[in-house]
Amino acid sequence: ASFFTARTWPLKIRGQIASVLSEKETLPLDAFAARVCQQTRERSPDDAHFAANFIAPNMQWLNDYQTLKNEGKLAENSDLPELVSLRLDWEVYSEFTLRARIGRTLEATGYAVAGVDKDRFNPAITALHQQLCEELGDEMSGVSVEQVAHLALGVIWYQRQAGAVMHPAFESYRRDGTTFMMTQKERTSRYMPSIGPKTRKPAYASFEKINGFHRLIGAKSNPSWYQHWINRTLSNGNNLFI
């Protein structure tokens, strides 16, 4: 039964996320995740039903869930609904980032995808192009705004699919590259997915060599993806960056 639950729970969550999507509306990812959590909870008859229906399989060891399961009601002052909501928030992020291309996701099926905000992106690219031209001089000769946009979009897409998003649950992991705090000490240990050496985690970019992170600058004999991408997108035929 536990195996069946573990296989079907992601499908239930994906369906719930899809049910909240509006056909023509666009929202920042954090705002959309908050809406999914809010509407899912509001559509449930009560907090007990919400927690029972949407709790993740790896959270079912929690004492408050065992109380709910055995007694049919939440323990007094239980924070279980909040923990389930926090997990649901991460699942929305993961659906559009870390797991976006794994299986029949909303992105893979063409139902929904995370993108960039053009109103913020375009002015930022214009400013970045100007700054690069001022700082790099001849290296940027002939390099267009469109090439800089190509560079930035590739980096954003690469990091998005690596799950390198600013989510509060991964704050300590992003800061030091270790999972000890979030799996042993922090509240995240009670609601986040099981995380270990072999589980897939967000791969943030770093100048330092941190296990599981993506190096910004690799070895001379093995340049990083970022180095290859910069030289590929900003080439004017004569320049060579890092």
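Per this note's numbering, residue 18 is the first one in the sequence shown, and the count goes up by one each step.
Just so you know, even glycine gets a beta-carbon here, dropped at the ideal spot from N, CA and C.
Computed from a predicted structure; not experimentally measured.
When the Cα of residue i is compared with those of the options, which residue comes out closest?
i, options, result
"residue 1", "90, 92 and 103", "Summary: the structure shown does not reach residue 1, with the chain confined to residues 18 through 259, and so no result is reported for it."
"residue 252", "236, 160 and 185", "160"
"residue 88", "101, 74, 185 and 69", "69"
"residue 29", "91, 190, 114 and 74", "74"
"residue 91", "250, 215 and 65", "65"
"residue 216", "226, 200 and 189", "200"
"residue 141", "244, 170 and 93", "170"
"residue 72", "122, 93, 47 and 33", "33"
Can you give the beta carbon distance from residue i to residue j, rounded, assuming they're within the 8 angstroms contact cut?
i, j, result
"residue 194", "residue 228", "7 angstroms"
"residue 128", "residue 35", "6 angstroms"
"residue 112", "residue 31", "6 angstroms"
"residue 250", "residue 164", "6 angstroms"
CB residue i to CB residue j, shorter than 8 angstroms?
i, j, result
"residue 24", "residue 37", "no"
"residue 234", "residue 224", "yes"
"residue 219", "residue 182", "yes"
"residue 246", "residue 186", "no"
"residue 115", "residue 97", "no"
"residue 190", "residue 100", "no"
If we ignore side chains and look at the alpha-carbon of each, how far apart do residue i and residue j end up?
i, j, result
"residue 221", "residue 206", "20 angstroms"
"residue 105", "residue 50", "8 angstroms"
"residue 54", "residue 83", "22 angstroms"
"residue 162", "residue 145", "9 angstroms"
"residue 67", "residue 60", "8 angstroms"
"residue 175", "residue 117", "12 angstroms"
"residue 154", "residue 147", "10 angstroms"
"residue 184", "residue 157", "34 angstroms"
"residue 45", "residue 248", "31 angstroms"
"residue 41", "residue 125", "19 angstroms"
"residue 192", "residue 134", "26 angstroms"
"residue 243", "residue 231", "9 angstroms"
"residue 86", "residue 58", "18 angstroms"
"residue 237", "residue 131", "34 angstroms"
"residue 240", "residue 137", "31 angstroms"
"residue 62", "residue 152", "59 angstroms"
"residue 255", "residue 56", "55 angstroms"
"residue 6", "residue 168", "As displayed, the chain neither begins before 18 nor continues past 259, which places residue 6 out of reach and without an answer."
"residue 179", "residue 121", "17 angstroms"
"residue 188", "residue 214", "18 angstroms"
"residue 39", "residue 27", "21 angstroms"
"residue 81", "residue 204", "15 angstroms"
"residue 197", "residue 226", "18 angstroms"
"residue 166", "residue 47", "24 angstroms"
"residue 150", "residue 95", "57 angstroms"
"residue 257", "residue 143", "22 angstroms"
"residue 119", "residue 202", "30 angstroms"
"residue 123", "residue 93", "37 angstroms"
Give, in chain order, every unbroken run of the alpha helix (DSSP H) that is at least 4 residues long and sits entirely within the segment 51-86. 64-71
Whole alpha helix (DSSP H) elements within the segment 170-245, 4-residue minimum: 188-193
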